[in-house]
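J.: Start counting the sequence shown at 52; every next residue gets the next number (the numbering used here).
The C-beta atom is built at its ideal place from N, Cα and C for all residues, glycine as well.
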Amino acid sequence: TMQKAHHMLLFGCDEPGSEEAVWDCGEMTNAGPSFERAPTCKSKPSILYAWGRDAPELHLPEGVGFKVGGESDIKYLVLQVHYMKKLGPDYSGIAIESTVEPMEKTASTLLMVTGGVLPPNKKETFETACIVDEDVEMHPFALRPHTHRHGVSVAAWVVREQPDGTDKWQLIGERDPLLPQMFQPVNDTSIVIRQGDMIASRCVMVNKENKAFAMGNTGEDEMCNYYMMYWVYGDNVLKDNTCYSPGAPEYHWASEAGLNNIPPAK
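(1) Can you tell which of I98, F62, Y277 and C64 has its C-alpha closest to the C-alpha of G202?
(2) Just list the residues that DSSP pairs G202 with in beta bridges.
(3) Just to confirm, are E180 and V255 a CB contact at a threshold of 7 Å?
(4) Please return the same chain residues whose Cβ sits closer than 6 Å to the Cβ of E71, not counting the five positions on each side in sequence.
(5) Does DSSP classify A305 as helix, strand or coil?
(6) What are the start and end residues of each continuous beta strand (DSSP E) run of 3 or more residues lying completely inside the stretch 140-166, in chain order?
(7) With contact counted as at least three CB pairs below 8 Å, one residue from each stretch, are the stretch 280-299 and the stretch 159-179 in contact?
(8) Is the beta carbon of T157 sitting closer than 7 Å to the one on V283?
(9) If I measure Cβ to Cβ from D124 and keep anything under 8 Å in the same chain, skipping five residues before and after, which residues do I get?
(10) Between M59 and V132, how many whole angstroms is the CB-CB distance? I'm expecting something under 8 Å.
(11) Decide yes or no for the touch test of the stretch 189-201 against the stretch 249-267: beta carbon pairs closer than 8 Å, at least 3 of them.
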């Protein structure tokens, strides 16, 4: 429950950051001298799944699975648990169903994330956008937002430029990040994202406090994260599964990405 574990992230690693069964991944406050401090993965981690705010369990679509082991880039699974405060024994975890049978469709998760600063007593938008530059056909099927207490709305779109120069925005999904942070189904399961398309996400935040909040990893920071699960036929998933921007005030869609016809922020 969220009273114990604030949120959990399941990473796929070529090699874990430590050979210990439990270690301090260094993203929150110091876990103390009894734990080795090491990264989640020794090389680039892949986020497979995320849970928070008492979200229900996730069931993948029929015929869809994450490819691990064998010739894949994922040889190890590492579960990262973020705690708000120190507590007694905890048995938080994730139950996984596996098969040795090949799946028709391979799942992967794209993380859309920003940096930036939320000023005091202000409404602000934190935006990121990336062009798909790999030869893939992505079928989004589930989305999950993550902010801390100032988040109001998190949404993602596919953006395609029309012949007249106008951008057409197709909503993939939108959710209040203060509801249970589950992977909810996308608005339209027929959406296919191809090479040359742009994927854009936005967090709307409202700060009624007299201090600023930077985007960061601790409970005293804010976060603007959007996880998009997608599947592909076969196993040709994105090699780069992260879309990042420096966020407000440095980055906005209109000024930095040159986007137009932008949907109004709620």
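T.: Reading from the atomic positions:
(1) Y277
(2) M256
(3) Residue identity differs from the one stated: residue 180 is Ala in this sequence, not Glu. No, they are not a contact pair.
(4) E87
(5) helix
(6) 156-165
(7) yes
(8) yes
(9) G63, D65 and S97
(10) 5 Å
(11) yes
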